[in-house]
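Visitor: First, the structure itself, so that you have it in front of you.
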Amino acid sequence: RQTVAKVVPPEMGDYNIYELSRMRMAIARHTSESKRTIPHYYVTATIDMTQAMHLRESLNETLEDGGRISINDMLVKATAMALTKFPTLNATFAGDQLHIFRHINIGIIVAVEEGLIIPVIDECDKKSIKQLAVESKDLIARAKEGKLRADEYADATFTISNLGMYAVDSFIPIINPPEVGILGIGSVHPEPVARDGAVLIDQVMKVTLAADHRATDGALGARFLTELKTILENPMSLLL
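Each step along the sequence shown adds one to the number in this note's numbering, with nothing skipped, and position 54 is 290.
This is the structure we're talking about:
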């Protein structure tokens, strides 16, 4: 007969107790609600960022520091462009209805000392990549300083979580309710690729879409990532 080992809690004194901050408790509630109430599905794609990196370098040679374009700025612009073709990912699930937002407001997850905050860039689909770069830098800087207004971290319709500044190939993000989709971004790194009988070194990046299965299906998520990949691998479209 199989026996079950008795779980014995650690003795008092074997650990330190830290009171959670209000932000940490809010994150705990929010992420628990997401995983408990939203049936997530996940799709991952590998994107060749070689041309995008060349374009970024070329653009930044002519721009002042405050307007320099980051990889994240390119991702925000590309995501907004892709969402215009797949609006059911720019939505919220409401029982027997799907409410599709008229605007594309992208939240950018920013790590701060006590946890995370999500400043929001409104109407990303209507702004140039240079406008997005300036606005993003301002919001992220003030988020880290705790100087955002309440309306500047509200009303996101889609979220991007970027860990590309760390040695992270890929990760699976948690949807930010009441949204139905979030992108998890890994690092851009060199990788050997076979092309035309030769082995070349490309700059590649993995992205993972987590989406609400009540609102969309995996095939649509895959098509969305294919569109995102097409945009970033042909990056001149970001300037249109």
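Just so it is clear, CB atoms sit at the ideal spot from N, CA and C, and this is done for glycine as well.
As a quick exercise: from Ser257, Lys321, Ala446, pick the residue whose alpha carbon is nearest that of Ala281.
Guide: Ala446
Visitor: Beta-carbon of Val424 versus every beta-carbon of chain D: anything under 7 Å?
Guide: The chain labelled as chain D is not found in the depicted structure, where only one protein chain is given.
Visitor: What span of residues does the alpha helix (DSSP H) with Asp374 cover, start to end?
Guide: First-last of the alpha helix (DSSP H) with Asp374: 365-380.
Visitor: Whether or not the region 333-351 and the region 364-381 are in contact is what I'm after, with contact meaning three or more pairs of Cβ atoms, one per stretch, closer than 8 Å; do they touch?
Guide: yes
Visitor: Spell out the partners DSSP gives Asn398 in its beta bridges.
Guide: Asn398 pairs with Ile421.
Visitor: Over what stretch of residues does the beta strand (DSSP E) that includes Ile467 continue unbroken?
Guide: From DSSP, Ile467 is part of no beta strand (DSSP E) but of the alpha helix (DSSP H) over 454-469.
Visitor: So what's Pro428 in DSSP terms, helix, strand or just coil?
Guide: Note: Pro428 maps to strand in three-state DSSP.
Visitor: Considering just the uninterrupted stretch of the alpha helix (DSSP H) at Gln309, what are its terminal residues?
Guide: Per the sequence shown, the amino acid found at residue 309 is Asp instead of Gln. First-last of the alpha helix (DSSP H) with Asp309: 307-321.
Visitor: Taking Phe460 and Leu325 to be in contact with their CB atoms under 8 Å, please state how far apart those CB atoms are, rounded to whole angstroms.
Guide: 6 Å
Visitor: For Asp361, which of Ala386, Thr315, Ile336 has the nearest alpha-carbon?
Guide: Thr315
Visitor: Return the CA-CA distance between Leu375 and Asp432, expressed in angstroms with no decimal places.
Guide: 44 Å
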